[in-house]
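Some notes on the structure that comes next.
Protein chains: 2
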Amino acid sequence: MGRISEAEIATALDDRADWQRNGDAIVRTVDCGDFVGAVEFVNRIVPVAEAANHHPDLAISWKNVTVKLSTHSEGGLTEKDFALAREIDSLAAID
Amino acid sequence: MGRISEAEIATALDDRADWQRNGDAIVRTVDCGDFVGAVEFVNRIVPVAEAANHHPDLAISWKNVTVKLSTHSEGGLTEKDFALAREIDSLAAID
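Sequences listed follow chains A and B, in order.
Here numbering that gives the first Met the number 0 is used: position 91 in the first sequence is 90, and no number is missing along the way.
Here numbering that gives the first Met the number 0 is used: position 9 in the second sequence is 8, and no number is missing along the way.
Here it is as structure tokens:
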């Protein structure tokens, strides 16, 4: 699965309103209420990341979790990133 | 509990060999073996952070967790940071 084109990225981002482009990655910050909520959100990401064998960078700062997705092996964004972004949006919607 | 002096920071860092100064903070990166191990380490930090009412910034990148401690309310490093660093070192030693 290779990198997707800029046009494909733009189309995919149209469907992911909470995500922003950041160089070779896409990022979303989720407000989880407090520190415990932030870590619980990270825990919910584990099974979907493991199942996809695709692991986002995760930054916890008090109540906020910033998720950063990129496909390092391809040097940029692939369909795997947007598939995982969609799953993470579903997890975030539970809050 | 206010900011500690540069001399006190230097002395405290002498006891925390795995931590580096980073501006107004101290940081340590812990290799947890894999992504699941990294998230497990973050979970172990939760009760000690909650008990201290002091919450590090935590960055997970695959197998690595980077812990960043600072006392934002004081605008710099306090004894709370080094107390929590000591507890986190104990948790990291379990790996």
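No residue lacks a Cβ here, since even glycine has one placed at the ideal position from N, Cα and C.
Cutoff 8 Å: residue i Cβ touching any chain B Cβ
| i | result |
| --- | --- |
| A:Asn21 | no |
| A:Leu57 | yes |
| A:Glu49 | yes |
| A:Val29 | no |
| A:Phe34 | yes |
| A:Val66 | no |
Whether residue i touches residue j by CB criterion (8 Å)
| i | j | result |
| --- | --- | --- |
| A:Ile25 | A:Leu68 | yes |
| A:Glu73 | A:Arg20 | no |
| A:His54 | B:Trp18 | no |
| B:Arg43 | B:Leu83 | no |
Which residues DSSP lists as bridging residue i, in chain order
| i | result |
| --- | --- |
| A:Leu68 | A:Ile25 |
| A:Ala58 | A:Thr65, B:Ala58 |
| A:Asp30 | A:Asn63 |
| A:Arg20 | A:Ile25 |
| B:Gly75 | B:Thr70 |
For residue j and residue i, believed in contact at Cβ under 8 Å, the rounded distance
| i | j | result |
| --- | --- | --- |
| A:Val47 | A:Glu86 | 5 Å |
| A:Leu76 | A:Asp23 | 7 Å |
| B:Val64 | B:Val41 | 6 Å |
| B:Ala58 | A:Ala58 | 5 Å |
| A:Asp56 | A:Thr70 | So it is not a contact: roughly 12 Å between Cβ atoms. |
Closer than 8 Å to chain A by CB, residue i
| i | result |
| --- | --- |
| B:Trp61 | yes |
| B:Val45 | yes |
| B:Val26 | no |
(request) Count the CB pairs spanning the stretch 7-14 of chain B and the stretch 34-45 of chain A that are closer than 8 Å, and state whether there are at least three. (result) Contact between the stretch 7-14 of chain B and the stretch 34-45 of chain A is absent, because fewer than three Cβ pairs lie under 8 Å.
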